Amino acid sequence: TNGYIADVDIPNLENLVIYGVLEMKNLTGSNSTTRSALIYKTTVLNATYISIQGGRLIAGYENDPFQGELEIILRGDHLTPEMPLPDGPNQGSKVLGVFGQLDLHGLPQSVYKTKLARTVSAGAQTIT
16 TNGYIADVDI PNLENLVIYG VLEMKNLTGS NSTTRSALIY KTTVLNATYI SIQGGRLIAG
76 YENDPFQGEL EIILRGDHLT PEMPLPDGPN QGSKVLGVFG QLDLHGLPQS VYKTKLARTV
136 SAGAQTIT
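This is the structure in structure tokens:
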């Protein structure tokens, strides 16, 4: 399998098409105060189009989760042209098109956050 390990900061990209394997490695630095504590940096993947075409994008494994923070930033708006796909419809901007494998495994969190479309009353048992 053709693969690459992203072990450096990745510049902003216009178009990322993955045919092989791209593995996001934990980026680390040292704590300037203690000079010994290892800290994990935020890894950023920033593109207008990301399309996995039979390949695989990996950030962590089930038995070896990604330690830092991974930000996938998708750029574009309704005026951004669509990207033609080799064997199918076009893919718009701000889309992570997965026509292969996407493996994202991070550390368990005590609180998970999301944004709701509308306000929910405190103590509500269901969200509709």
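With this note's numbering, you'll find the sequence shown wraps up at 143, consecutive numbering, no jumps. Quick reminder that beta carbons are idealized off the backbone N, C-alpha and C, glycines included. Every value quoted in this text rests on a predicted model; they were computed, and no experiment measured them.
Checklist entry - Looking at C-alpha atoms only, which residue of 32, 120, 28 is the closest neighbour of residue 77? => result 120
Checklist entry - Going along the chain, which residues of its own chain have a beta-carbon closer than 7 Å to the beta-carbon of residue 56, five neighbours each way excluded? => result 42, 43, 44, 83
Checklist entry - Nearest to residue 62 by alpha carbon, out of 88, 139, 69? => result 88
Next on the checklist: For residue 29, which residues in the same chain have their Cβ closer than 6 Å to its Cβ, ignoring the five residues on either side in sequence?
Outcome noted: 63
Next on the checklist: At the level of alpha carbons, what is the spacing between residue 59 and residue 66?
Outcome noted: 16 Å
Checklist entry - Below 9 Å between beta carbons: does that hold for residue 70 and residue 37? => result yes
Item to check | Residue from 53, 40, 72 whose Cα sits closest to the Cα of residue 17 | outcome: 72
Item to check | Counterpart residues of residue 61 in DSSP-defined beta bridges | outcome: 88
Item to check | Bounding residues of the beta strand (DSSP E) (the contiguous stretch that carries residue 29) | outcome: 28–33
Item to check | Whole-angstrom distance between residue 140 and residue 39, CA atom to CA atom | outcome: 38 Å
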